[in-house]
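Asker: Sharing a structure with you now.
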Amino acid sequence: MSHKLRNGLFSAVTVAALGFGATQVFASPGAGAAARACSVQRDIYCNGWCQSQGWDAGRCNPLYTGGCQCWFY
């Protein structure tokens, strides 16, 4: 009986691990990676542009409209 229980438990753990791995394969890349897909020059431009619009600071972020993310401190 314990042999069947052990095999069943091992099978369940294996299926769970494979399921978790499959979800990670199909997951989209993190926003952090996309946000840093900018050049230093674009970050400088966005910081200046944001400040000219009345924000405290900003940086390049392609996920935002216009490619710049601005914020207040």
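The letter at position 40 of the sequence shown is residue 60 when you use my numbering, and the numbering goes up by one with no holes.
Just so it is clear, CB atoms sit at the ideal spot from N, CA and C, and this is done for glycine as well.
These figures come from a predicted structure and were not determined experimentally.
Output the boundary residues of the beta strand (DSSP E) element that contains Trp91.
Answerer: Sequence index remark: in the sequence shown, residue 91 carries index 71 (1-based). Residues 88-91.
Asker: Would Asn67 pass as a contact of Ala57 if the rule is Cβ separation under 9 Å?
Answerer: Counting from one through the sequence shown, the residue named residue 67 turns up at place 47. Counting from one through the sequence shown, the residue named residue 57 turns up at place 37. No, the Cβ-Cβ distance between Asn67 and Ala57 is not below 9 Å.
Asker: Going along the chain, which residues of its own chain have a beta-carbon closer than 7 Å to the beta-carbon of Asp63, five neighbours each way excluded?
Answerer: On the sequence shown, residue 63 is found 43 positions in, with the first residue counted as 1. Taken in chain order, the residues that qualify are Arg79, Cys80.
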